[in-house]
């Protein structure tokens, strides 16, 4: 999964990295703690030259209410072609999610055994976890593959824009920290294709691969007083 990430770079750096056109007085604040429910910048296929600010937790356009009923801040790559929240977005509403790194929590709880040496599957001891910051070795700014949607309030006409970060199986670097999932990081040369709505569904799905582990790095964060977990 991907539940926290960092996009702490100045606006000018993002503009240069993604070849964006800045608006006068554009309101942008960097954050080391991008979390689900926050309003964050993305780059959409319909407006690839500008940042668009959306809420991180996808609200499907077909939802009857504005309530976020499902855990749609992540979208599993394997489910995109059939899951109702995402299947229509795969070929119509894709986005880049700028980031400088993401966080994962590693379970470091000591194994407990009973008097016979058998592992206790449901120990009473509270789990211990260590936070890791994971980023790329040579790319200070990169992008996650994302999907976005628009929900229109039937009463007021208000438009709510939201997005989801796509995840895949963990690669060899992430697996020892978080065994199951990792966000899909797009290689720089693949970003333009991800925003190209002319691609077939098969071509789009082919872009959704775990990032090369040898190009990534991780480090444990021992003390993060400013990071609420």
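Numbering (the numbering used here), first residue to last: 20 to 248.
Using N, Cα and C, we set each Cβ at its ideal position, and we do this for glycine too.
DSSP three-state assignment for residue i, whether helix, strand or coil
i, result
"residue 48", "coil"
"residue 230", "coil"
"residue 225", "helix"
"residue 207", "helix"
"residue 115", "strand"
"residue 200", "strand"
"residue 180", "strand"
"residue 39", "coil"
"residue 214", "coil"
"residue 34", "helix"
"residue 24", "strand"
"residue 242", "Caution is warranted here: a pLDDT of 47 is assigned to residue 242, below 50, making its placement in the model unreliable, and no coordinate value can be reported."
Cβ distance (whole Å) where residue i is taken to contact residue j below 8 Å
i, j, result
"residue 254", "residue 109", "Absent from the model: residue 254. The displayed extent of the chain is 20 to 248, so no value can be given."
"residue 151", "residue 196", "5 Å"
"residue 249", "residue 68", "This structure gives no information on residue 249, because the portion of the chain shown stretches from 20 to 248."
"residue 232", "residue 169", "Wrong, their Cβ atoms sit about 36 Å apart, outside the cutoff."
"residue 121", "residue 21", "6 Å"
"residue 64", "residue 112", "7 Å"
"residue 249", "residue 53", "In the structure displayed, the chain extends from 20 to 248; residue 249 sits before or after that span and is not available."
Neighbourhood of residue i by C-beta, 7 Å cutoff - its chain only, sequence neighbours within 5 removed
i, result
"residue 123", "151, 153, 193, 196 and 197"
"residue 127", "147, 148 and 149"
"residue 104", "77, 79, 89 and 91"
"residue 85", "78, 170, 172 and 179"
"residue 156", "234, 235 and 236"
"residue 3", "Here the chain has residues from 20 to 248 only, and residue 3 is not among them."
"residue 238", "151 and 152"
"residue 159", "119"
Residues near residue i by beta carbon distance below 6 Å, same chain, minus five either side
i, result
"residue 240", "150 and 152"
"residue 96", "185, 187 and 227"
"residue 55", "75, 76 and 92"
"residue 41", "34"
"residue 175", "none"
"residue 201", "189 and 193"
"residue 25", "51, 119 and 120"
"residue 205", "162, 164 and 213"
8 Å Cβ shell around residue i - same chain, five flanking residues per side excluded
i, result
"residue 100", "106, 109, 220 and 224"
"residue 57", "50, 74 and 75"
Near the ligand MN: residue i beta-carbon under 7 Å from a heavy atom
i, result
"residue 72", "For the structure depicted, the ligand MN is absent and the ligand set is empty, with no information on it obtainable."
- Message: Is it the case that the stretch 100–120 contacts the stretch 151–171, given that we only count it when at least three CB pairs across the two stretches are under 8 Å?
- Response: yes
- Runs of beta strand (DSSP E) wholly within the stretch 141–173 (minimum 3 residues, chain order): 148–155 and 161–171
- Query: Just checking, does the stretch 20–38 make contact with the stretch 47–59 on the three C-beta pairs under 8 Å criterion?
  - Reply: yes
- Specify whether the stretch 150–164 and the stretch 203–219 touch according to this definition: at least 3 beta carbon pairs, one from each stretch, less than 8 Å apart. yes
- Query: What alpha helix (DSSP H) runs, 4 residues minimum, are completely inside the stretch 67–129?
  - Reply: none
- Query: Taking one C-beta from the stretch 65–75 and one from the stretch 171–183 each time, how about it: are there three or more such pairs within less than 8 Å?
  - Reply: yes
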